[in-house]
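A.B. asks: Once you've had a glance at the structure underneath, I'll fire off some questions.
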Amino acid sequence: MVKASLSPASERTLYILGAGAIGSLWAAYGYQAGADIRLILRDQNTLGHYRQHGGIRLISANQTWLCPIPADCPESISTPIQHLLITTKAQQTLDALRCIKSHIATQAVMVLLQNGLGIVEQIRREFPRATVLQGSTTEACYQQNRFEYVHAGRGHTFIGSTENDQRTVLLELAESLSFPPLQLSVSDNIDAVLWRKLAINCVINPLTVIHRCRNGELLNSSERRAQIQQIVNEILALSSVLGRSEWVANLYELVTEVATTTAANRSSMLQDVEAGRDTEIDAITGYVCQLAEQHNTPAPMNKQLLDDIKRLPKVTRC
Ligand code: PAF
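Going from the sequence shown to the working numbering is simple: count from 1 and add 1019.
This is the structure in structure tokens:
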């Protein structure tokens, strides 16, 4: 296995903000590929725990790797951040970015790889001269213990931009973020990719919470399959009003495919609920419900799931 160089951070360093499942997955494979990467952890305390653990432990295909990826907390960042992969939860993104704002170069390139929609516009408002690109992944990864993650299923990852002149930057980024076996492709229609992913998350994430089950177990009963169908129908109706039907053709089959390929995975929302953390429900189902309301399109099942998930108790941390 190739080891990452432990040279100090430079302007070429790729910082990863958000050491949850997806951030840790990219960081661990990046480390194994010898890439110049650094994790940004929440605070000094988290950094201390991370160091005690010796790094991120990644379990994949029954093998375990301990990856002592270089890490910082906001106070210890010493070079301007030019390249930033953002893998925080949607609802934590702005706060996390504000904590490192003084370290982010004005013209930084940021890639947002997270579930949900509605955050990129807010980032662009706060960082008007940065290049903010969007990504979407269906790689499945879950946390097993603190700083320990299981790569539970292979997926596809796309990045893209709604601005046409970004193609060269995108191609370079896709290459530099493709750490085997993770493979990034450039999408010419990232809005469609993100809408499809949002639709998949609207189905799998809240339902796995309601049934407290792994993704694959959603296909186990006719009652669950009927619920999948109902959410799918609501999203298809909304997509048609928005002129996006083409983007979600065969949505039921797509959801079934993702639930099958990530069968062993516990959705990110289920992991959050089980750990007593805030969920991304507002940026996923909440986003869809808001659009449905604006366009007078009924979405009762999505609304019900939004209310149910928001009512779940959270662990209060000091
Ligand atoms: O949020 C998740 O867990 C993932 O996006 C997905 C694709 C549903 C797989 O678990």
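Every residue gets a Cβ at the ideal spot worked out from N, C-alpha and C, and that includes glycine.
1) What is the rounded straight-line gap between the Cα of Ser1024 and the Cα of Tyr1050?
2) Three or more C-beta pairs closer than 8 Å, one from the segment 1294-1313 and one from the segment 1264-1276: is that the case here?
3) Output the distance between the C-alpha atoms of Glu1257 and Val1205, rounded to the nearest integer angstrom.
4) Looking at the secondary structure, which residues open and close the beta strand (DSSP E) in which Ser1079 lies?
5) Using three-state DSSP, classify Asp1055 as helix, strand or coil.
6) Among the residues of its own chain, which have a CB less than 6 Å from the CB of Leu1217, if the five just before and after it don't count?
7) Can you grab the Cα-Cα spacing for the pair Ile1075 / Gln1313, in whole Å?
8) Restricting to runs no shorter than 3 residues, where is the beta strand (DSSP E) found entirely within the segment 1107-1190?
9) Tell me whether Arg1336 is buried or exposed, calling it buried when 16 or more other Cβ atoms sit within 10 Å of its Cβ.
10) Less than 8 Å between the C-beta atoms of His1102 and Leu1201, yes or no?
11) Where in the segment 1185-1223 do unbroken runs of the alpha helix (DSSP H), each at least 4 residues long, occur, reported from the N-terminal end onward?
12) Identify the continuous beta strand (DSSP E) that holds Leu1104 and give its terminal residues.
13) Tell me whether Asn1064 is buried or exposed, calling it buried when 16 or more other Cβ atoms sit within 10 Å of its Cβ.
14) Would you mind working out which of Ala1159, Asp1326 and Ala1283 sits nearest Ile1300, comparing C-alpha positions?
15) How would you call Ala1294, buried or exposed, if buried means at least 16 neighbouring beta carbons within 10 angstroms?
16) Can you check DSSP and say which residues form a bridge with Trp1084?
C.D. replies: In short:
1) Because the pLDDT of Ser1024 is 45, which lies under 50, any placement of that residue in the model is unreliable, and the number read from its coordinates should be weighed accordingly. Distance between the alpha carbons of Ser1024 and Tyr1050: 9 Å.
2) Contact between the segment 1294-1313 and the segment 1264-1276 is not established, with fewer than three Cβ pairs separated by less than 8 Å.
3) For the sequence presented, residue 1257 should be read as Leu rather than Glu. When rounded, the distance between both Cα atoms is 27 Å.
4) Ile1075 to Ser1079 is the extent of the beta strand (DSSP E) around Ser1079.
5) Coil, per DSSP.
6) Hits under 6 Å: Leu1136.
7) Distance between the alpha carbons of Ile1075 and Gln1313: 43 Å.
8) Taking only runs of at least 3 residues, the beta strand (DSSP E) segments lying wholly in the segment 1107-1190 are 1123-1132, 1150-1156, 1159-1164, 1167-1172 and 1176-1179.
9) Unreliable placement is indicated for Arg1336, whose pLDDT of 45 sits below 50; the coordinate value is still reported in the next sentence. So Arg1336 counts as exposed.
10) No, the Cβ-Cβ distance between His1102 and Leu1201 is not below 8 Å.
11) As far as the segment 1185-1223 is concerned, its whole alpha helix (DSSP H) runs of at least 4 residues are 1186-1195.
12) Segment Ile1100 to Ile1105, the beta strand (DSSP E) holding Leu1104.
13) Counting the other CB atoms within 10 Å of its CB gives Asn1064 a total below 16, which places it among the exposed residues.
14) When each option's Cα is compared against that of Ile1300, the closest is Asp1326.
15) Ala1294 is exposed by the Cβ-count criterion.
16) Answer is Leu1077.
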